[in-house]
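*Asks:*
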Amino acid sequence: MRKGKDYILFNIVGYIFITIIGLFTFIPFVALVVSSFASENYIINHGYTLIPREFSLSAYKLIFQNPQRIFRAYLVTIIVTSVGTSLSLFLSTMAAYVMYRKDVKYRNALAFFLYFTTLFNGGLAPYYIILANYYHLKNNVLVLILVPLFNVFYILILRNFIRGSIPDSLIESAKIDGAGDFTIFLRIVLPLSKPALASIGLFIALNYWNDWWTPMMFIEKQSLYPLQYTLYLILSSVNVAANILQNVVRIDMPKESLKLAMTVVATGPIIFLYPFVQRYFVRGITLGAVKG
Amino acid sequence: MKKNGFWYEIKKNKVLYAMFLPVAIYYILFAYIPMGGIVLAFKEFNYRDGILFSPWNGFKNFEYFFASGRAWLVTKNTILYNIAFLAAYTVFSVACAIFIAELAGKIFKKFIQSVMFLPYFVSWVVVAAMMYNFFNYDYGLINTLIKNLGGEPIDIYSNPTYWYFLLPMLYVWKWVGYGSVLYLAAIMGFDEECYEAAIIDGANIFQRIFYITIPMLKPTMIILILLALGRILRGEFDMFYQIIGNNGLLLDYTDIIDTLVFRSLMQVQDIGMASAAGAYQSVLCFVIIMFVNWIVRRYDKDYALF
Chain P
0 MRKGKDYILF
10 NIVGYIFITI
20 IGLFTFIPFV
30 ALVVSSFASE
40 NYIINHGYTL
50 IPREFSLSAY
60 KLIFQNPQRI
70 FRAYLVTIIV
80 TSVGTSLSLF
90 LSTMAAYVMY
100 RKDVKYRNAL
110 AFFLYFTTLF
120 NGGLAPYYII
130 LANYYHLKNN
140 VLVLILVPLF
150 NVFYILILRN
160 FIRGSIPDSL
170 IESAKIDGAG
180 DFTIFLRIVL
190 PLSKPALASI
200 GLFIALNYWN
210 DWWTPMMFIE
220 KQSLYPLQYT
230 LYLILSSVNV
240 AANILQNVVR
250 IDMPKESLKL
260 AMTVVATGPI
270 IFLYPFVQRY
280 FVRGITLGAV
290 KG
Chain U
0 MKKNGFWYEI
10 KKNKVLYAMF
20 LPVAIYYILF
30 AYIPMGGIVL
40 AFKEFNYRDG
50 ILFSPWNGFK
60 NFEYFFASGR
70 AWLVTKNTIL
80 YNIAFLAAYT
90 VFSVACAIFI
100 AELAGKIFKK
110 FIQSVMFLPY
120 FVSWVVVAAM
130 MYNFFNYDYG
140 LINTLIKNLG
150 GEPIDIYSNP
160 TYWYFLLPML
170 YVWKWVGYGS
180 VLYLAAIMGF
190 DEECYEAAII
200 DGANIFQRIF
210 YITIPMLKPT
220 MIILILLALG
230 RILRGEFDMF
240 YQIIGNNGLL
250 LDYTDIIDTL
260 VFRSLMQVQD
270 IGMASAAGAY
280 QSVLCFVIIM
290 FVNWIVRRYD
300 KDYALF
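Here it is as C-alpha cells:
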C-alpha cells in the first residue's frame with residue numbers, strides 16, 4: 000500500500016486520539032486500586048494522589064478480619080451468577096434455535112412476542128407488586144436468578160448468529176439421518192455457536208454479577224445480600240460499613256481507603272473472564288443482529 | 000385436520016414449540032402479566048384488595064402527578080440527558096471504531112480495545128466509588144491536584160452545573176468500548192474491493208473514510224440510534240441512582256422519570272404517583288417508538304425496526 004503524507008498524518012491523529020481515550024478509561028481503575036492501598040493518615044493529610052508515598056494494607060486487613068459477611072456475599076453472587084448464566088444461556092439459545100428453524104411457521108410471531116416486551120411495559124409499580132405479593136418472591140433467592148434471566152436482544156442476536164453461521168443443509172442432512180429436533184440442537188447447533196455463546200454468556204454473567212437492583216427491591220434478609228448490594232450499602236454509609244465488618248466501630252478504622260478496598264474486592268474475579276472471551280467478540284456480536 | 004391449520008402446525012413441530020416454552024412462560028409471567036398491571040394507574044391501591052380488586056379512581060393519580068410539578072421537569076431532564084448521551088456516545092464510538100480499524104500496530108490496538116472494554120465490566124456501584132475517589136471534596140484526586148496547584152477545591156456534589164457535562168462524559172466512559180465493537184463489527188463486514196478501487200483512483204485515507212466508511216456505516220448508525228430513540232424516555236436508572244442518589248441539592252437538575260418512579264414507590268410509598276408516572280412513561284415511550292418507526296418506514300423501509 001502507498002504510504003503518503005496523509006497516511007502518516009492519519010496515524011498521528013489516530014494514535015493521539017486512541018491513547019487519550021485509553022488513558023481516560025484506564026486511569027480511574029489505576030486510581031482506584033492505588034488509593035485502596037493508601038494509608039489513612041496520608042489520605043487525611045494529603046488527600047488521594049495517583050502515587051501515594053505511604054502504602055498500607057490496613058483496609059484489606061479490616062475486610063478480611065471478619066470475613067463472614069463478605070464471603071457470604073461472594074457465595075450468593077457466585078451461585079446466582081453460575082446457575083443464572085447457564086440456565087439463561089441454554090434456554091435462550093434453545094429459543095433462538097426455534098425461531099431460526101424455517102419450518103416453524105410462527106417463528107416471526109414468536110420473535111414479535113418477545114420483542115413487544117421491550118416496546119411496552121406496565122411500569123415499575125405493578126412489576127414490583129406482582130412479584131412481591133402475587134408470586135411471593137420477596138426474600139427468596141429465586142428472585143435474584145429470575146429477574147435478570149432473559150434479555151430479548153441477546154436471544155435475537157443468538158438467532159441471527161445461528162442463521163448466519165449454520166447452513167440449512169446441515170440441519171436437513173441431520174434430519175435425514177434420523178436426528179430429532181432436540182438432538183440437532185444439542186449436537187449441531189450448540190457446538191457450532193461457540194463464539195456467540197462466549198460473548199453473550201459473558202454479557203449475561205456480567206448482568207448477574209453486577210446486579211444490585213434486584214436485591215435492593217426484593218431482598219431484606221441479610222444472608223441473601225449479593226456482593227454488589229453489600230458494596231452499595233458500605234459505600235452509602237461508613238457506619239454501616241463498620242457494622243458490616245465488625246460489631247464495634249473502631250476509631251482508627253481506615254474509613255476512606257476501606258470503601259475503595261471493598262470496591263476492588265467486589266469487582267474481583269469477573270474482570271479476569273474478559274481476556275478469555277475477547278477474541279470471540281467481534282465475531283460473536285454481528286450487528287444485523289440488533290435488528291428484530 | 001386442516002393441513003395448514005394452527006393445531007396441525009403445533010402438532011407437526013411439537014418438539015420445537017416445546018423447546019420455546021420456557022422462554023414463553025417466563026415472558027408471560029414477568030412481562031405480559033405485569034403489563035396488565037398498568038390498570039393500577041387508574042386505581043387507589045391497597046394491599047388487602049390487591050391490583051384486581053382495589054377501587055377505581057379514574058384519572059386522580061395522573062392529576063396528582065401532573066399537579067405535583069415534577070412531570071414536566073422529569074420529562075425534560077430524561078429527554079435532554081438521553082439526547083446528550085446518544086450524541087456523545089455515537090460520535091465517540093464511531094470515531095474509535097474507524098481509528099481502530101485503520102491504524103497500524105496490531106498489539107497496541109488490541110491492548111487499547113481491552114482497556115476500553117474495562118468500564119463495561121464494572122457495576123454502577125463501582126463507578127460511584129470511583130467518582131468518589133476522584134471528586135470527593137476533602138480527599139478526592141482532582142481536588143488534591145487543584146489544592147497542590149494552589150487553586151480552590153470544587154464541590155461537584157452541591158453544584159448542579161457540573162453534572163450537565165459530567166454525566167454524558169461518564170456515559171461515554173462506560174459504554175464507548177461496547178459501542179466501538181458494534182461499529183467495528185460492521186466495518187469488518189465491508190467489502191474490501193471498494194477500498195482497493197478507491198486506492199487505485201488515488202483517494203487518500205481521509206477521503207476513503209469520508210466517502211466510503213462513514214456512508215457505509217449509516218445503516219448501522221440509523222438502527223442503533225432508532226433503538227436508542229425508542230428508549231428516550233427510559234433513563235439510565237442505575238447511573239443516576241448510584242451517582243446522584245437522593246442528593247437534594249442536585250435532584251431538580253438530575254431527576255429523571257425512572258428515579259422519580261423509584262422514589263415514589265420504595266421510599267415515599269406513594270403507589271398512586273409511582274403507577275401514574277410509570278404508565279405515563281410506558282405509553283409515551285410506545286407512542287414515540289411507533290412514530291419514529293412510521294417516519295423511517297416512509298423514508299426507507301429497510302431501516303425500519305419492524
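In order, the protein sequences belong to chains P and U.
Numbering follows numbering that gives the first Met the number 0, with no gaps: position 53 of the first sequence is 52.
Numbering follows numbering that gives the first Met the number 0, with no gaps: position 113 of the second sequence is 112.
Built from N, CA and C at the ideal position, the CB exists for glycine as well.
All of these numbers come straight from a predicted model, not from anything done at the bench.
1) Could you confirm whether any beta carbon from chain U is found closer than 8 Å to the beta carbon of residue 291 (chain P)?
2) Determine the closest residue to residue 23 (chain U) out of P:116, P:269, P:202, with distance taken between C-alpha atoms.
3) So, with DSSP's three-state summary, where would you put residue 103 (chain U)?
4) What whole-angstrom Cβ distance do residue 61 (chain P) and residue 259 (chain P) have, given they're in contact under 8 Å?
5) Suppose you measure from the CA of residue 257 (chain U) to the CA of residue 191 (chain P); what does that come to, to the nearest Å?
6) 8 Å is my cut-off, CB to CB: does residue 258 (chain U) come that close to chain P?
7) Report the CB separation of residue 268 (chain P) from residue 72 (chain P) in whole angstroms; it is logged as a contact under 8 Å.
8) If contacts are defined as beta-carbon pairs under 8 Å, then residue 144 (chain P) and residue 82 (chain P) qualify, I think. What distance do you get, rounded to the angstrom?
9) Relative to the C-alpha of residue 208 (chain P), which residue among U:135, U:141, U:119, U:66 is closest?
10) Between the Cα of residue 217 (chain U) and those of U:93, U:267, U:174, U:287, spot the shortest distance and give me the residue it belongs to.
11) Would you grab the beta carbon distance between residue 38 (chain P) and residue 55 (chain P) for me? Rounded to a whole angstrom, and I think it's under 8 Å.
12) Taking residue 116 (chain P) as the query, report the chain U residues whose CB atoms sit under 7 Å from its CB, ordered along the chain.
13) For residue 59 (chain U), name the three-state secondary structure that DSSP assigns.
14) On a Cα-Cα basis, can you pick out the residue from U:198, U:242, U:88 that is closest to residue 5 (chain P)?
15) Spatial neighbours of residue 309 (chain U) within its chain, please: C-beta separation below 6 Å, excluding the five flanking residues on both sides.
16) By how many angstroms is the C-alpha of residue 233 (chain P) removed from the C-alpha of residue 233 (chain U)?
17) What three-state label does DSSP hand residue 137 (chain P) in the structure shown?
18) Consider the Cβ of residue 97 (chain P): report whether some Cβ of chain U lies at a distance smaller than 8 Å.
19) Strictly below 9 Å CB to CB, what residues from chain A border residue 268 (chain U)?
20) If contacts are defined as beta-carbon pairs under 8 Å, then residue 94 (chain P) and residue 154 (chain P) qualify, I think. What distance do you get, rounded to the angstrom?
21) Would you verify that the beta carbon of residue 236 (chain P) is, or is not, closer than 8 Å to some beta carbon of chain U?
22) Let me see if you follow: with CB-CB separation under 8 Å, is residue 286 (chain P) close to chain U or not?
23) Just checking: is the beta-carbon of residue 237 (chain U) within a distance shorter than 8 Å of some beta-carbon in chain P?
24) Exposed or buried, which one is residue 238 (chain P) when buried takes at least 16 other CB atoms within 10 Å?
25) Determine the chain P residues that contact residue 15 (chain U) at a beta-carbon separation under 7 Å, and present them in chain order.
26) Grab me the residues of residue 30 (chain U)'s own chain with a C-beta within less than 7 Å of its C-beta, minus the 5 sequence neighbours each way, in chain order.
27) Does the distance from the C-beta atom of residue 161 (chain U) to that of residue 136 (chain U) stay below 8 Å?
28) Between which two residues does the alpha helix (DSSP H) carrying residue 29 (chain U) extend?
29) Is the CB of residue 293 (chain P) under 8 Å away from at least one CB in chain U?
30) Along the region 15-36 of chain P, what residues have a CB closer than 7 Å to any CB found in chain U?
31) Our contact map puts residue 125 (chain U) next to residue 266 (chain P) with C-beta atoms below 8 Å; I'd like the distance itself, whole angstroms only.
32) Is residue 258 (chain P) helix, strand or coil by DSSP?
33) Quick check: the Cα distance between residue 287 (chain P) and residue 222 (chain P), rounded to an integer number of angstroms?
*Replies:* Taking the coordinates as given:
1) Indexing the first sequence from 1 puts residue 291 (chain P) at position 292. Only weak support is given to the placement of residue 291 (chain P): the predicted model assigns it a pLDDT of 37, under 50, and the value that follows is read from those uncertain coordinates. Residue 291 (chain P) counts as touching chain U.
2) Start at 1 with the first residue of the second sequence, and residue 23 (chain U) comes out as number 24. Answer by Cα proximity: P:116.
3) The count along the second sequence starts at 1 and reaches residue 103 (chain U) at position 104. Of the three classes helix, strand and coil, the one that applies to residue 103 (chain U) here is coil, per DSSP.
4) Counted from its first residue, the first sequence places residue 61 (chain P) at position 62. Counted from its first residue, the first sequence places residue 259 (chain P) at position 260. Incorrect: roughly 12 Å between the Cβ atoms, too far for contact.
5) For the purposes of this step, residue 257 (chain U) is identified with residue 258 of the second sequence, where counting begins at 1. For the purposes of this step, residue 191 (chain P) is identified with residue 192 of the first sequence, where counting begins at 1. A direct Cα-Cα distance of roughly 40 Å separates residue 257 (chain U) from residue 191 (chain P).
6) Indexing the second sequence from 1 puts residue 258 (chain U) at position 259. Answer no: the Cβ-Cβ gap between residue 258 (chain U) and chain P never drops below 8 Å.
7) Counting from 1 along the first sequence, the entry for residue 268 (chain P) is found at position 269. Counting from 1 along the first sequence, the entry for residue 72 (chain P) is found at position 73. Contact flag wrong, Cβ pair sits at about 13 Å.
8) Counting from 1 along the first sequence, the entry for residue 144 (chain P) is found at position 145. Counting from 1 along the first sequence, the entry for residue 82 (chain P) is found at position 83. Approximately 6 Å separates the beta-carbon atoms of residue 144 (chain P) and residue 82 (chain P); this is inside 8 Å, confirming the contact.
9) Along the first sequence, read from residue 1 onward, the residue named residue 208 (chain P) stands at position 209. The shortest C-alpha separation from residue 208 (chain P) is found at U:119.
10) Numbered from its first residue, the second sequence carries residue 217 (chain U) at position 218. Considering only U:93, U:267, U:174, U:287, the residue with the shortest C-alpha distance to residue 217 (chain U) is U:93.
11) The count along the first sequence starts at 1 and reaches residue 38 (chain P) at position 39. The count along the first sequence starts at 1 and reaches residue 55 (chain P) at position 56. The pair is a contact, with the Cβ atoms about 4 Å apart (cut-off 8 Å).
12) For the purposes of this step, residue 116 (chain P) is taken as residue 117 along the first sequence, with counting starting at 1. What residue 116 (chain P) touches in chain U: 26, 30.
13) The residue given as residue 59 (chain U) occupies position 60 in the second sequence. Reduced to three states, the DSSP call for residue 59 (chain U) is helix.
14) Here residue 5 (chain P) is taken as the residue at index 6 of the first sequence, counted from 1. With distances taken between Cα atoms, residue 5 (chain P) lies closest to U:198.
15) Since the first residue of chain U shown is 0 and the last is 305, residue 309 (chain U) is not available in this structure.
16) Taking the first residue of the second sequence as position 1, residue 233 (chain U) is located at position 234. Taking the first residue of the first sequence as position 1, residue 233 (chain P) is located at position 234. C-alpha separation (whole angstroms): 28 Å.
17) Position 138 of the first sequence, counting from 1, holds the residue named residue 137 (chain P). Residue state, collapsed to three classes: coil.
18) What you label residue 97 (chain P) is simply residue 98 of the first sequence in a count that begins at 1. For residue 97 (chain P), the nearest CB of chain U lies under 8 Å from its own CB, placing it at the interface with that chain.
19) Among the protein chains in the structure shown, which are P and U, there is no chain A.
20) Counting from 1 along the first sequence, the entry for residue 94 (chain P) is found at position 95. Counting from 1 along the first sequence, the entry for residue 154 (chain P) is found at position 155. Indeed, because the Cβ distance is near 6 Å, the residues count as touching under 8 Å.
21) Walking along the first sequence from the start, residue 236 (chain P) turns up at place 237. No, residue 236 (chain P) does not count as interfacial toward chain U.
22) Here residue 286 (chain P) refers to the residue found at position 287 when the first sequence is read from its first residue. Low per-residue confidence applies at residue 286 (chain P): pLDDT is 42, beneath 50, and the placement is therefore not dependable, though the value from the model is reported in the following sentence. Yes, residue 286 (chain P) lies at the interface with chain U (some Cβ there is under 8 Å from its Cβ).
23) For this step, residue 237 (chain U) is matched to residue 238 along the second sequence. Contact with chain P is found for residue 237 (chain U), since one of that chain's Cβ atoms lies less than 8 Å from the residue's Cβ.
24) In the first sequence, the residue the question calls residue 238 (chain P) occupies position 239. Per-residue confidence for residue 238 (chain P) stands at a pLDDT of 49, beneath the threshold of 50, marking its modelled position as unreliable; the derived number appears in the next sentence. Around the C-beta of residue 238 (chain P), fewer than 16 other C-beta atoms lie within 10 Å, and the residue is accordingly described as exposed.
25) Locating residue 15 (chain U) in the second sequence gives position 16, counting from the first residue. Per Cβ cutoff of 7 Å: 97, 100, 103, 180.
26) Indexing the second sequence from 1 puts residue 30 (chain U) at position 31. Counting only Cβ-Cβ distances below 7 Å, and skipping sequence neighbours, we find nothing.
27) Sequence index remark: in the second sequence, residue 161 (chain U) carries index 162 (1-based). Sequence index remark: in the second sequence, residue 136 (chain U) carries index 137 (1-based). Contact: no.
28) Locating residue 29 (chain U) in the second sequence gives position 30, where the first residue counts as 1. Here residue 29 (chain U) belongs to no alpha helix (DSSP H), and DSSP marks it neither H nor E.
29) Since the first residue of chain P shown is 0 and the last is 291, residue 293 (chain P) is not available in this structure.
30) Per Cβ criterion, the list reads 16, 17, 20, 21, 23, 24, 25, 27, 28, 30, 31, 34.
31) Stepping through the second sequence from its first residue, residue 125 (chain U) is reached at position 126. Stepping through the first sequence from its first residue, residue 266 (chain P) is reached at position 267. The C-beta separation of residue 125 (chain U) from residue 266 (chain P) comes to about 5 Å, placing the pair in contact by the 8 Å criterion.
32) In the first sequence, residue 258 (chain P) corresponds to position 259, counting from 1. Collapsing the DSSP output to three states places residue 258 (chain P) in a helix.
33) Translated into the one-based positions of the first sequence, residue 287 (chain P) becomes position 288. Translated into the one-based positions of the first sequence, residue 222 (chain P) becomes position 223. The predicted model places residue 287 (chain P) with a pLDDT of 42, which falls under 50 and marks its position as unreliable; any figure quoted below should be read in that light. Distance between the alpha carbons of residue 287 (chain P) and residue 222 (chain P): 43 Å.
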